[in-house]
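A short worksheet on the structure shown next.
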Amino acid sequence: MDDFTTPEDLFKKEFGKMKKAGKDYSKYFPVVIIAMLIIMFLKGGIYSIGPDEVGVIQRFGKYVRTTDPGLHFKFPLGVEKVTPIKVKKIFKEEFGFRTLSPGVKSRYSTKQYPQERLMLTGDLNILDVRWIAQYKVKDPVKLLFRTRNPVGNVRDLSEVVMRRLCGDYTVDEVLTTKREEVALLAQEQLQTLLDIYDTGIKVVTVKLQDVNPPDKVKPAFNEVNEAKQEKERLINEAWEEYNKAIPRAKGEAHRTVSQAEGYSLDKINRSQGEAERFFATWSEYKNAPVVTRKRLYLEAMAEVLPKMKMKYIVDPNQNSILPLLKLGEEGGTQ
Amino acid sequence: MKNIIKTILVVSLFAVVMLFFSSMFIVKETDQVVITQFGRPIGDTIATAGLHFKLPFIQVTNTFDKRLLEWDGDPNQIPTRDKKYIWVDVMARWKISDALKFMQSVGSERGGHARLDDIINSATRDVITRNMLVETIRDTNRILDREVQEESTVTIAEEALERITKGREKLESEILTRAEEIVPQYGIELVDVRLKRLNYVEEVRKKVYERMISERKRAAEQYRSEGKGKSAEIQGRMEKELKLITSEAYKKAQSLRGKADAEAISIYAEAYNNDPDFYQFLKTLETYRDTVDSNTTLIVTTDGDYYKYFQTAQ
Numbered sequence: 001m002d003d004f005t006t007p008e009d010l011f012k013k014e015f016g017k018m019k020k021a022g023k024d025y026s027k028y029f030p031v032v033i034i035a036m037l038i039i040m041f042l043k044g045g046i047y048s049i050g051p052d053e054v055g056v057i058q059r060f061g062k063y064v065r066t067t068d069p070g071l072h073f074k075f076p077l078g079v080e081k082v083t084p085i086k087v088k089k090i091f092k093e094e095f096g097f098r099t100l101s102p103g104v105k106s107r108y109s110t111k112q113y114p115q116e117r118l119m120l121t122g123d124l125n126i127l128d129v130r131w132i133a134q135y136k137v138k139d140p141v142k143l144l145f146r147t148r149n150p151v152g153n154v155r156d157l158s159e160v161v162m163r164r165l166c167g168d169y170t171v172d173e174v175l176t177t178k179r180e181e182v183a184l185l186a187q188e189q190l191q192t193l194l195d196i197y198d199t200g201i202k203v204v205t206v207k208l209q210d211v212n213p214p215d216k217v218k219p220a221f222n223e224v225n226e227a228k229q230e231k232e233r234l235i236n237e238a239w240e241e242y243n244k245a246i247p248r249a250k251g252e253a254h255r256t257v258s259q260a261e262g263y264s265l266d267k268i269n270r271s272q273g274e275a276e277r278f279f280a281t282w283s284e285y286k287n288a289p290v291v292t293r294k295r296l297y298l299e300a301m302a303e304v305l306p307k308m309k310m311k312y313i314v315d316p317n318q319n320s321i322l323p324l325l326k327l328g329e330e331g332g333t334q
Numbered sequence: 335m336k337n338i339i340k341t342i343l344v345v346s347l348f349a350v351v352m353l354f355f356s357s358m359f360i361v362k363e364t365d366q367v368v369i370t371q372f373g374r375p376i377g378d379t380i381a382t383a384g385l386h387f388k389l390p391f392i393q394v395t396n397t398f399d400k401r402l403l404e405w406d407g408d409p410n411q412i413p414t415r416d417k418k419y420i421w422v423d424v425m426a427r428w429k430i431s432d433a434l435k436f437m438q439s440v441g442s443e444r445g446g447h448a449r450l451d452d453i454i455n456s457a458t459r460d461v462i463t464r465n466m467l468v469e470t471i472r473d474t475n476r477i478l479d480r481e482v483q484e485e486s487t488v489t490i491a492e493e494a495l496e497r498i499t500k501g502r503e504k505l506e507s508e509i510l511t512r513a514e515e516i517v518p519q520y521g522i523e524l525v526d527v528r529l530k531r532l533n534y535v536e537e538v539r540k541k542v543y544e545r546m547i548s549e550r551k552r553a554a555e556q557y558r559s560e561g562k563g564k565s566a567e568i569q570g571r572m573e574k575e576l577k578l579i580t581s582e583a584y585k586k587a588q589s590l591r592g593k594a595d596a597e598a599i600s601i602y603a604e605a606y607n608n609d610p611d612f613y614q615f616l617k618t619l620e621t622y623r624d625t626v627d628s629n630t631t632l633i634v635t636t637d638g639d640y641y642k643y644f645q646t647a648q
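Each protein sequence line maps, in turn, to chains E and Y.
Residues 1 to 334 in my numbering are what the first sequence spells out, letter by letter.
Residues 335 to 648 in my numbering are what the second sequence spells out, letter by letter.
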């Protein structure tokens with residue numbers, strides 16, 4: 001039984017030990033302080049750079065190095081300072097409009113920016129242009145140290161370039177055919193200017209969004225489009241008419257020709273038939289001309305005479321036959 | 335006694351640390367520093383970034399930016415040489431090239447902006463008023479020189495057809511040159527001047543809108559009349575082709591009929607020539623059959639063959 005220790009006994013024993021040790025805590029005090037200092041030192045010295053960033057390190061204000069994504073160490077206590085710069089991210093600036101909240105159905109600011117949007121074209125007209133510029137950081141060191149306001153540079157120079165380009169194109173070109181050309185040139189020229197300023201920014205793209213004639217002039221522009229449509233319509237209608245008439249006329253022409261061909265066949269066949277009939281009759285007639293002639297005559301008379309309505313047989317010596325006749329009385333047209 | 339020594343030690347240590355920190359200063363990569371001693375500048379401008387030292391307390395650092403700085407003017411209403419009033423909005427970029435001079439002559443960036451306002455605005459006004467409107471808008475003569483690919487019905491306004499000799503970029507550099515000459519005395523370097531925005535004043539804009547509307551109306555009218563013209567052309571062509579088709583058919587038909595008639599004539603002639611008298615006899619009888627009907631009245635004398643037997647049996 002002596003060897004047997006209950007859990008309670010064990011607990012008491014350990015508790016006693018701990019109490020004893022507690023008395024010696026003061027001796028660890030400096031160690032704890034040093035440890036805390038080390039932790040603080042490390043905490044100020046370790047920094048992490050996100051996957052889309054680089055860190056620009058300045059020692060006493062002077063640029064010393066650029067670090068890649070990951071965990072890194074620097075001198076703490078304000079000796080080295082790190083500025084993370086997002087180099088992968090593509091930034092966007094909008095001109096003539098502002099997106100309030102992007103999304104499936106983006107909301108746009110109702111505020112108008114006429115000063116940004118309206119520009120003069122080369123044919124001295126006014127055009128309402130909205131566009132965007134996308135850019136990213138090409139050189140974080142230049143970005144931080146060469147110009148004070150990189151975004152301001154992008155905005156100002158974008159406007160400079162876009163206006164200069166629109167000044168070299170006509171309203172119609174910017175509206176329709178040369179849209180892409182203008183955007184492409186704007187991108188190139190914007191990049192050139194940003195490089196001259198040493199901004200460390202790379203222009204990803206410049207895109208024209210809505211390009212419109214000013215509101216007051218819009219109806220007139222629409223009228224031109226309508227007139228174009230009307231022109232097409234008139235032409236189509238005329239062709240329709242043409243297509244309706246010509247094939248029909250061609251068909252009718254064929255009919256006329258075919259009818260003539262029919263006529264000639266008919267005519268020739270008839271003549272040949274009649275000629276043959278005559279030959280046949282004639283060849284028999286030659287054998288007995290006198291009798292045949294008389295017979296034919298009498299047959300014809302027998303056929304013809306009964307058809308007549310009135311027959312007057314007069315003596316050749318009778319001088320005037322007119323009194324006998326009441327011409328027109330019954331045999332008139334009615 | 336021991337306590338006093340301890341206190342002195344602590345105080346002097348504190349003073350040394352203070353002195354040390356006060357004599358040390360940091361120049362950032364973006365800055366340049368001028369050291370002054372009781373207002374008097376000491377030494378050159380420090381433009382290299384890093385840790386630097388100075389005399390504590392009596393020397394003071396004056397920090398200036400060394401990056402490219404912005405300047406954006408207010409829009410100005412300026413007439414061009416051809417008396418067109420336009421709003422001109424200019425932007426510029428500048429640098430503090432001589433921090434010492436800058437500090438002495440202008441003091442601060444705010445002061446620098448005030449100077450630049452005066453200088454750039456007046457240079458802009460000078461250049462714009464000396465040039466035609468088209469010079470400020472266009473950069474090249476592209477519009478006049480381009481080859482018009484598609485037939486454009488919208489004609490360009492007369493005033494826009496003038497050739498330019500300089501163009502916008504040239505004007506910008508003229509403004510820059512004028513302003514550049516003046517600014518070095520302020521320790522400023524003017525890097526770039528650009529015409530940012532340029533617009534008609536309200537009254538001119540209204541007139542331009544009116545002109546644009548009338549141009550478009552004219553174009554619309556042209557399209558309409560082109561449509562009508564083309565339609566009439568097609569109609570004319572149709573009528574011509576119709577006549578051609580029917581007349582050709584008629585021609586062919588007539589000639590076919592003629593040939594057939596001719597052939598029939600020759601066939602008849604050949605046959606009947608054998609005995610013209612008999613033919614005449616036969617044909618006459620035939621026509622009697624055809625021409626006599628119930629409306630016919632016959633008056634014959636008894637001289638004729640048929641009725642002669644009324645008079646005599648011989």
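We put the CB at the ideal spot given by N, CA and C, even for glycine.
* Please go through the stretch 370-457 of chain Y and give each complete alpha helix (DSSP H) segment of 4 or more residues, from N-terminal end onward. => Segments of the alpha helix (DSSP H) lying fully in the stretch 370-457 of chain Y: 433-439.
* Asked: Which residue's Cα is closest to the Cα of K43 (chain E): E:K62, E:I235 and E:L77?
  -> Here residue 43 (chain E) corresponds to residue number 43 of the first sequence, with the count starting at 1. When each option's Cα is compared against that of K43 (chain E), the closest is E:L77.
* Neighbour-count burial assignment, Y312 (chain E), 16 or more Cβ in a 10 Å radius -> Position 312 of the first sequence, counted from the start, is the residue given in the question as residue 312 (chain E). Y312 (chain E) counts as exposed, since fewer than 16 other beta carbons sit within 10 angstroms of its beta carbon.
* Could you name the residues of the same chain whose beta carbon sits closer than 6 Å to that of S106 (chain E), not counting the 5 residues immediately before and after it, in chain order? => For the purposes of this step, residue 106 (chain E) is identified with residue 106 of the first sequence, where counting begins at 1. For S106 (chain E), the CB contacts under 6 Å within the same chain, skipping 5 residues up- and downstream, are T99 in chain order.
* Name the chain Y residues whose beta carbon is nearer than 7 Å to that of R293 (chain E)? -> As a position in the first sequence, residue 293 (chain E) is number 293, starting the count at 1. Going along chain Y in sequence order, the residues near R293 (chain E) (Cβ under 7 Å) are F615.
* Helix or strand or just coil, what does DSSP make of M162 (chain E)? -> The residue you call residue 162 (chain E) lines up with position 162 of the first sequence. Annotated three-state conformation of M162 (chain E) is helix, per DSSP.
* So does the stretch 507-514 of chain Y actually touch the stretch 451-466 of chain Y, counting three or more Cβ pairs closer than 8 Å? -> With three or more CB-CB distances shorter than 8 Å, the stretch 507-514 of chain Y counts as touching the stretch 451-466 of chain Y.
* Following the continuous beta strand (DSSP E) through D526 (chain Y), name the residue where it begins and the one where it ends. => Sequence index remark: in the second sequence, residue 526 (chain Y) carries index 192 (1-based). Start and end: I522 to Y534.
* Run through DSSP, which three-state label would M308 (chain E) get? -> The count along the first sequence starts at 1 and reaches residue 308 (chain E) at position 308. Coil.
* Taking C-beta pairs closer than 8 Å, name the residues in chain Y that Q239 (chain E) reaches, listed in chain order. => Here residue 239 (chain E) refers to the residue found at position 239 when the first sequence is read from its first residue. A small fix is needed here, since residue 239 (chain E) is Trp in this sequence, not Gln. By Cβ distance, chain Y contributes I568.
* Which residues of chain E have a Cβ atom closer than 9 Å to the Cβ of V634 (chain Y), listed in chain order? -> Here the question's residue 634 (chain Y) lines up with position 300 in the second sequence. Simply K311, Y312, I313 and V314.
* **Segment limits, beta strand (DSSP E) that includes D210 (chain E)** => Working through the first sequence from its first residue, we reach residue 210 (chain E) at position 210. Here the beta strand (DSSP E) through D210 (chain E) covers I201 to N212.
* **Cβ distance (whole Å) where A426 (chain Y) is taken to contact D526 (chain Y) below 8 Å** => As a first step, residue 426 (chain Y) must be located in the second sequence, where it is residue number 92. As a first step, residue 526 (chain Y) must be located in the second sequence, where it is residue number 192. The C-beta distance from A426 (chain Y) to D526 (chain Y) rounds to 6 Å, short enough to meet the 8 Å contact threshold.
* To do: Enumerate in chain order the residues of its own chain whose CB-to-CB distance from T83 (chain E) is below 6 Å, with the five nearest sequence positions on each side excluded.
  => The sequence position of residue 83 (chain E) within the first sequence is 83, counting from 1. Closer than 6 Å at Cβ, skipping near neighbours: V56.
* To do: Check whether the stretch 403-414 of chain Y touches the stretch 372-380 of chain Y, taking contact to mean three or more Cβ pairs, one atom from each stretch, closer than 8 Å.
  => Contact between the stretch 403-414 of chain Y and the stretch 372-380 of chain Y is absent, because fewer than three Cβ pairs lie under 8 Å.
* Assign Y640 (chain Y) to one of three DSSP states: helix, strand, or coil. => Numbered from its first residue, the second sequence carries residue 640 (chain Y) at position 306. Secondary structure of Y640 (chain Y) (DSSP, three-state): coil.
* **Beta-carbon proximity check, P140 (chain E) vs V64 (chain E), cutoff 9 Å** => The sequence position of residue 140 (chain E) within the first sequence is 140, counting from 1. The sequence position of residue 64 (chain E) within the first sequence is 64, counting from 1. Going by C-beta atoms, P140 (chain E) is not nearer than 9 Å to V64 (chain E).
* Asked: Using 9 Å as the limit for Cβ to Cβ distance, is T474 (chain Y) near chain E?
  -> Position 140 of the second sequence, counted from the first residue, corresponds to residue 474 (chain Y). Taking Cβ atoms only, chain E reaches closer than 9 Å to T474 (chain Y), which makes this a yes.
* DSSP on K92 (chain E), reduced to helix/strand/coil? -> Counted from its first residue, the first sequence places residue 92 (chain E) at position 92. Taken through DSSP and simplified to helix, strand or coil, K92 (chain E) comes out as strand.
* To do: Note down the Cα distance separating L208 (chain E) from E180 (chain E), rounded to an integer number of angstroms.
  => Position 208 of the first sequence holds residue 208 (chain E). Position 180 of the first sequence holds residue 180 (chain E). In a straight line, the C-alpha of L208 (chain E) is about 8 Å away from that of E180 (chain E).
* To do: Confirm, please, whether the CB-CB distance from V367 (chain Y) to N396 (chain Y) is below 9 Å.
  => Translated into positions along the second sequence, residue 396 (chain Y) becomes position 62. Translated into positions along the second sequence, residue 367 (chain Y) becomes position 33. The beta carbons of N396 (chain Y) and V367 (chain Y) sit closer together than 9 Å.
* **Sub-9 Å separation of E241 (chain E) and R155 (chain E) beta-carbons** => The residue labelled residue 241 (chain E) in the question sits at position 241 within the first sequence. The residue labelled residue 155 (chain E) in the question sits at position 155 within the first sequence. The answer is no: Cβ separation not under 9 Å.
* Could you please give the first and the last residue of the uninterrupted beta strand (DSSP E) stretch that includes D266 (chain E)? => Here residue 266 (chain E) refers to the residue found at position 266 when the first sequence is read from its first residue. Counting along the chain, D266 (chain E) falls outside any beta strand (DSSP E), though it belongs to the alpha helix (DSSP H) covering K218 to Y285.
* Using 9 Å as the limit for Cβ to Cβ distance, is P518 (chain Y) near chain E? -> Translated into the one-based positions of the second sequence, residue 518 (chain Y) becomes position 184. By the rule that beta-carbons nearer than 9 Å mark a contact, P518 (chain Y) does not touch chain E.
* Determine the direct distance from the alpha carbon of V304 (chain E) to that of G331 (chain E), and round the result to whole angstroms. => If you number the first sequence from 1, residue 331 (chain E) lands on position 331. If you number the first sequence from 1, residue 304 (chain E) lands on position 304. The predicted position of G331 (chain E) is uncertain, since its pLDDT is 45 and thus under 50; no value can be drawn from it.
* Within 10 angstroms of the Cβ of T121 (chain E), are there 16 or more other Cβ atoms? Answer buried if so, exposed if not. => On the first sequence, position 121 is the one that residue 121 (chain E) refers to. Per the 10 Å Cβ criterion, buried.
* To do: Have a look at the DSSP bridge pairing and note the partners of V82 (chain E).
  => Residue numbering aside, residue 82 (chain E) sits at position 82 when the first sequence is read from its first letter. Under DSSP, V82 (chain E) takes part in a beta bridge, and its partners are E:I57.
* Pick from E:V79, E:I46 and E:L165 that is closest to T474 (chain Y), judged by C-alpha positions -> For the purposes of this step, residue 474 (chain Y) is taken as residue 140 along the second sequence, with counting starting at 1. The residue with the shortest Cα to Cα distance from T474 (chain Y) is E:L165.
* Taking buried to mean at least 16 other C-beta atoms within 10 Å of its own C-beta, is Q438 (chain Y) buried or exposed? -> The residue given as residue 438 (chain Y) occupies position 104 in the second sequence. It counts as exposed.
* Cα-Cα separation between A587 (chain Y) and K593 (chain Y), rounded to whole angstroms -> Residue numbering aside, residue 587 (chain Y) sits at position 253 when the second sequence is read from its first letter. Residue numbering aside, residue 593 (chain Y) sits at position 259 when the second sequence is read from its first letter. Between the alpha carbons of A587 (chain Y) and K593 (chain Y) lies a distance of about 10 Å.
* Answer yes or no: does any C-beta atom of chain Y fall closer than 9 Å to that of V224 (chain E)? => Mapped onto the first sequence, residue 224 (chain E) falls at position 224. Closer than 9 Å to some Cβ of chain Y, the Cβ of V224 (chain E) qualifies, so yes.
* Asked: Can you name the residues that DSSP bridges to L120 (chain E)?
  -> Residue 120 (chain E) sits at position 120 when you count from the first residue of the first sequence. The partner list for L120 (chain E) (beta bridge, DSSP) reads E:I126.
* Let me know if Y158 (chain E) comes out buried or exposed under the rule of 16 or more other beta-carbons within 10 Å of its beta-carbon. => Taking the first sequence and counting its residues from 1, the one referred to as residue 158 (chain E) is at position 158. The sequence given here places Ser at residue 158 (chain E); Tyr does not occur at that position. A residue is called buried once 16 or more other Cβ atoms fall within 10 Å of its Cβ, and S158 (chain E) is buried on that count.
* To do: Taking C-beta pairs closer than 8 Å, name the residues in chain A that I477 (chain Y) reaches, listed in chain order.
  => No chain A appears in the structure shown, which is made up of the protein chains E and Y.
* Assuming G521 (chain Y) and S442 (chain Y) form a contact by the criterion Cβ under 8 Å, report the distance between their Cβ atoms to the nearest whole angstrom. => If you number the second sequence from 1, residue 521 (chain Y) lands on position 187. If you number the second sequence from 1, residue 442 (chain Y) lands on position 108. That pair is no contact at about 12 Å.
* **Own chain, CB closer than 7 Å to Q334 (chain E), minus 5 neighbours either side, in chain order** => Residue mapping note: residue 334 (chain E) aligns to position 334 of the first sequence, counting from 1. In this predicted model, Q334 (chain E) has a pLDDT of only 37, less than 50, meaning its place in the structure is not dependable; the value taken from the coordinates is given anyway. Excluding its 5 nearest sequence neighbours in each direction, Q334 (chain E) has no C-beta neighbour in its own chain below 7 Å.
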